[in-house]
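In what follows, a single structure is set out as structure tokens and then discussed.
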Amino acid sequence: MPAVRGGQTSLPLRDLAPRVWQPLPAFAKVRHLLPRPAQPEVEDLAWQRDDVAGSLDLPAVGTSFDGMGQGFVGPNGLFNIQFDPPDTNIAVGRHQIVEMVNTAVAVYDKQLMRWTAGPIDLHDVWTNDFPDCRLDDGDPIVLYDRLADRWILSQLGGFNFGSECVAVSQTSDATGSYYLYEFKPAASTDYPKLSVWPDAYYLTTNEFTNNERYLGAGVCALDRKSMLRGAAAISICFNTSTDFDTVLTAGIEGSLLPPPGSPNYAFALDNNTHAGLAEWLFHVDFAHPDNSSFTGPINVPVAGFNPVCRFTFDCVPQKGTLQRIDALGNLLMFHLAYRNFGSYESLTAVHTVAVTDHGTRRTGERWYEIRNPGASPLVYQQGTWAPSAQWRFMASLDQDKQGNIAMGYSVSSSTEVPGIRYSGRRVTDPLNLLEREIAVTAGAGFHNDDRWGDYSSMVIDPFDDCTFWYANEYQTQNGALTWHTRIASIRFPSCH
Numbered sequence: 004m005p006a007v008r009g010g011q012t013s014l015p016l017r018d019l020a021p022r023v024w025q026p027l028p029a030f031a032k033v034r035h036l037l038p039r040p041a042q043p044e045v046e047d048l049a050w051q052r053d054d055v056a057g058s059l060d061l062p063a064v065g066t067s068f069d070g071m072g073q074g075f076v077g078p079n080g081l082f083n084i085q086f087d088p089p090d091t092n093i094a095v096g097r098h099q100i101v102e103m104v105n106t107a108v109a110v111y112d113k114q115l116m117r118w119t120a121g122p123i124d125l126h127d128v129w130t131n132d133f134p135d136c137r138l139d140d141g142d143p144i145v146l147y148d149r150l151a152d153r154w155i156l157s158q159l160g161g162f163n164f165g166s167e168c169v170a171v172s173q174t175s176d177a178t179g180s181y182y183l184y185e186f187k188p189a190a191s192t193d194y195p196k197l198s199v200w201p202d203a204y205y206l207t208t209n210e211f212t213n214n215e216r217y218l219g220a221g222v223c224a225l226d227r228k229s230m231l232r233g234a235a236a237i238s239i240c241f242n243t244s245t246d247f248d249t250v251l252t253a254g255i256e257g258s259l260l261p262p263p264g265s266p267n268y269a270f271a272l273d274n275n276t277h278a279g280l281a282e283w284l285f286h287v288d289f290a291h292p293d294n295s296s297f298t299g300p301i302n303v304p305v306a307g308f309n310p311v312c313r314f315t316f317d318c319v320p321q322k323g324t325l326q327r328i329d330a331l332g333n334l335l336m337f338h339l340a341y342r343n344f345g346s347y348e349s350l351t352a353v354h355t356v357a358v359t360d361h362g363t364r365r366t367g368e369r370w371y372e373i374r375n376p377g378a379s380p381l382v383y384q385q386g387t388w389a390p391s392a393q394w395r396f397m398a399s400l401d402q403d404k405q406g407n408i409a410m411g412y413s414v415s416s417s418t419e420v421p422g423i424r425y426s427g428r429r430v431t432d433p434l435n436l437l438e439r440e441i442a443v444t445a446g447a448g449f450h451n452d453d454r455w456g457d458y459s460s461m462v463i464d465p466f467d468d469c470t471f472w473y474a475n476e477y478q479t480q481n482g483a484l485t486w487h488t489r490i491a492s493i494r495f496p497s498c499h
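Below, the structure written as structure tokens:
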């Protein structure tokens, strides 16, 4: 199993020194290329061409405010953009919202309606005993563990070093101190993702040799019980074949736990057929590691889809520039949300696909609700959301305690600069359909680089299990290192 380093505690985030602005070198994060087999075009039978399902309507955006980005000033000073893209994501607790972007973290108080900590340099969270974790090498992920009322911060510790740096809060206060860990897989890693499950924190990575030959996806269970105490922790890891990349593990939502003995459910796109998902079942046993198992892949058929950007990564157009954006169309997008409704278990997932309308190609969002993941997994409903001429990409979705679904995403075209919108459906709506879309915020500038995202974040507020919070990137002026982030809430009136 990979080596683990721990035994250290961070200073309280609230006590870290204010950020002092200084001109620093800025970096465009390298995208490590993955195999992408060519396939003939198929008819997308899940394509929803109409942007209104009957006479249904969606709620307007509620709270909406800027997160970290160009010009952001918080209690710890001015945010200085150093990376492109931002890798925007948030986690929401009962009283706080935590946003992470590349190189920084900030904490927002929902009751006070203001930022109470940040921007804090991520390298200041980890002590000098973790030199790789102080490199600020990107791919940050923040999670809220609702089962323990704790926060998890993570970032990559350097592609060539293969470290994943994880910090677990000592209390429910995100501005306090954190237990520090560094997990060292045997390979170089990229694009790490995390999820919370009752028996472990699950970590997935894309793994490479030092000369960037792809080795497959790594899937690890981290010893959650020990990490919550700040004790020594182990990790138990498995690998997929090179046929799969960017595996996501299920993250629990809601108050009902999975049935006793349930494994964690891991999913990836089947990029060989473009007509299925692959599922694995991860049973972990930290007391007897050799008893752990990672079973699969299990084929889960879906409506055929067409991959994005067949001959290049960069294909999303923008108004005012020839620079196109990478839509990250060959992978499931963060995160894979799990919810136990009592009578059934449900997962929601999304990825970007291509549709062709009268000879014109554009992107849309293929979304799924998957049921019975532990027995005979099936796609209960699915759709491709591409109702008009805009390109939709960089999506994230979740569902509330009633089963209503909200999906946020970026939107762009040759006649508009990238903005943020959302769509969704009520649990009582006809299957396979979303309602109309709502603007979260319009952009006012194009992005002068191909990197966008690399992900966005739709999560549920554990305080009421009804309010969705969404975070994504946008721009208010032309440029590459001029991005902003927006955080917004959405709530279906029927959920209470």
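All residue numbers for the sequence shown refer to our numbering, where the first residue is 4 and numbers rise by one. Note that beta-carbon positions come from the ideal geometry of N, C-alpha and C, so glycine has one too.
Helix or strand or just coil, what does DSSP make of residue i?
i: residue 346; result: coil
i: residue 2; result: This structure gives no information on residue 2, because the portion of the chain shown stretches from 4 to 499.
i: residue 483; result: coil
i: residue 126; result: helix
i: residue 227; result: helix
i: residue 400; result: strand
i: residue 304; result: strand
i: residue 3; result: The question about residue 3 has no answer here: the residues shown for the chain are numbered 4 through 499.
i: residue 188; result: coil
i: residue 292; result: helix
i: residue 136; result: helix
i: residue 248; result: coil
i: residue 148; result: strand
i: residue 87; result: strand
i: residue 18; result: helix
i: residue 455; result: coil
i: residue 214; result: coil
i: residue 103; result: strand
i: residue 460; result: strand
i: residue 11; result: strand
i: residue 237; result: coil
i: residue 338; result: coil
i: residue 98; result: coil
Any heavy atom of the ligand PLP closer than 6 Å to the Cβ of residue i?
i: residue 77; result: Looking for the ligand PLP in the displayed structure turns up nothing, as the structure carries no ligands at all.
Closer than 7 Å by C-beta to residue i: which residues in its own chain qualify, once you throw out the five before and the five after it? Chain order, please.
i: residue 286; result: 266, 295, 296
i: residue 113; result: 98, 99, 100
i: residue 496; result: 62
i: residue 317; result: 327, 328, 329, 453
i: residue 382; result: 303, 305, 371, 373
Can you give me the start and stop residues for the beta strand (DSSP E) that residue i sits inside?
i: residue 365; result: 363 to 374
i: residue 209; result: 203 to 211
i: residue 498; result: Segment: none, residue 498 is in no beta strand (DSSP E) and carries neither H nor E.
i: residue 422; result: 419 to 428
i: residue 476; result: 471 to 478
i: residue 172; result: 167 to 172
i: residue 267; result: 267 to 272
i: residue 411; result: 408 to 416
Alpha carbon to alpha carbon, how far is residue i from residue j?
i: residue 211; j: residue 431; result: 45 Å
i: residue 236; j: residue 65; result: 41 Å
i: residue 241; j: residue 269; result: 12 Å
i: residue 439; j: residue 291; result: 51 Å
i: residue 272; j: residue 354; result: 9 Å
i: residue 471; j: residue 91; result: 16 Å
i: residue 476; j: residue 456; result: 7 Å
i: residue 479; j: residue 202; result: 43 Å
i: residue 403; j: residue 359; result: 32 Å
i: residue 484; j: residue 259; result: 42 Å
i: residue 336; j: residue 436; result: 20 Å
i: residue 467; j: residue 299; result: 36 Å
i: residue 144; j: residue 363; result: 36 Å
i: residue 183; j: residue 140; result: 17 Å
i: residue 16; j: residue 379; result: 45 Å
i: residue 356; j: residue 233; result: 42 Å
Could you pull out every residue in the same chain whose Cβ sits closer than 8 Å to the Cβ of residue i, ignoring the five residues on either side in sequence?
i: residue 137; result: 126, 129, 131
i: residue 393; result: 365, 414, 415, 416, 419
i: residue 277; result: 42, 45, 307, 308, 309, 310
If I measure Cβ to Cβ from residue i and keep anything under 6 Å in the same chain, skipping five residues before and after, which residues do I get?
i: residue 49; result: 306, 385, 386, 387
i: residue 79; result: 21, 22, 121, 122, 123
i: residue 169; result: 157, 184
Meets three-Cβ-pair contact criterion under 8 Å: the segment 342 to 350 and the segment 368 to 383: The count of Cβ pairs closer than 8 Å, one atom from the segment 342 to 350 and one from the segment 368 to 383, reaches three, so the stretches are in contact.
Meets three-Cβ-pair contact criterion under 8 Å: the segment 358 to 370 and the segment 396 to 416: yes
Touch test, the segment 219 to 233 against the segment 198 to 211, Cβ-Cβ under 8 Å, three pairs minimum: yes
The segment 139 to 154 touching the segment 95 to 107, judged by at least three CB pairs closer than 8 Å: Using a Cβ-Cβ distance cut-off of 8 Å, the segment 139 to 154 and the segment 95 to 107 are in contact, since at least three pairs of beta carbons, one from each stretch, lie closer than that value.
The segment 68 to 81 / the segment 478 to 491 touching (three or more Cβ pairs under 8 Å): Verdict: yes, contact present.
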